[in-house]
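Residue numbers (the working numbering): 3 to 232.
Glycine included, every Cβ here is placed at the ideal spot set by N, Cα and C.
The structure displayed is predicted, hence computed values, not measured ones.
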């Protein structure tokens, strides 16, 4: 079993993106290299039950971001989250997985190997809960809050309007993290959550590779839709 370390808010290792936030945990528990959180961190999240097309899009996004030197972050959930992390691993990049419970037991167990690969490649696993903490439903929403706070940008691959992915989107807006949503081109219908966030001017539309790079690299790009632009 790997070594689980802890980091207090007053410690040098505590992520800078969280340090000045009142709602951030006083202590973080982690496995691996927590300095992965000091890169440009992009949360890539989406539905657990996404179809194969969106799963492959999530994987490709994770791969492209890792090749650009970004850290790819999410909650290691099955579906889009795991695929984005897989993409980062394939690209030999850094990834961070925020766990809903203690790090002594990976959730879901089906992603244990992926968690090990993340750590082996210089990324890390993070939780605000100590080992032995019994997993509770509310912890998943709390985990989504940490995801948003740790990120410089948040990208939604595929979200239902009433799905759990929207928690991360809501926290991104609350903490003023630029929010992007993958949007289909060529007349294809986009996911309901993605469309809602675009229509309500809370997120920017990311339609292709060029749009993804602009979203990551240009701060103003993520704010365009807040002023009613396309």
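For the 8 Å CB-CB criterion, residue 151 and residue 37 do not form a contact. Assignment of residue 187 by DSSP, reduced to helix, strand and coil, places it in the coil class. Take the alpha-carbon of residue 51 and the one of residue 167: they are about 11 Å apart. Listed in chain order, the beta strand (DSSP E) runs fully inside the region 169-213 are 181-184 and 206-208, counting runs of at least 3 residues. Here residue 88 is buried, its C-beta having at least 16 other C-beta atoms within 10 Å. Annotation for residue 95: 68 place their beta carbon closer than 6 Å to its own, counting only its chain and skipping 5 residues before and after. Around the beta-carbon of residue 117, 16 or more other beta-carbon atoms lie within 10 Å, marking it buried. The way I'd put it, the region 180-192 doesn't touch the region 72-87; fewer than three beta-carbon pairs between them come closer than 8 Å. Rounded to the nearest angstrom, the Cβ distance from residue 105 to residue 31 is 6 Å, consistent with a contact under 8 Å. Between the alpha carbons of residue 97 and residue 191 lies a gap of roughly 30 Å. Counting along the chain, residue 128 sits inside the beta strand (DSSP E) bounded by residues 126-129.
Taken atom to atom, the span from the alpha-carbon of residue 169 to that of residue 22 is near 22 Å. Per DSSP, reduced to three states, the secondary structure at residue 41 is coil, with no helix or strand assignment. Scanning its chain for C-beta atoms nearer than 6 Å, with the 5 sequence neighbours on each side dropped, one finds around residue 60 the residues 48, 82, 85, 86 and 159, in chain order.
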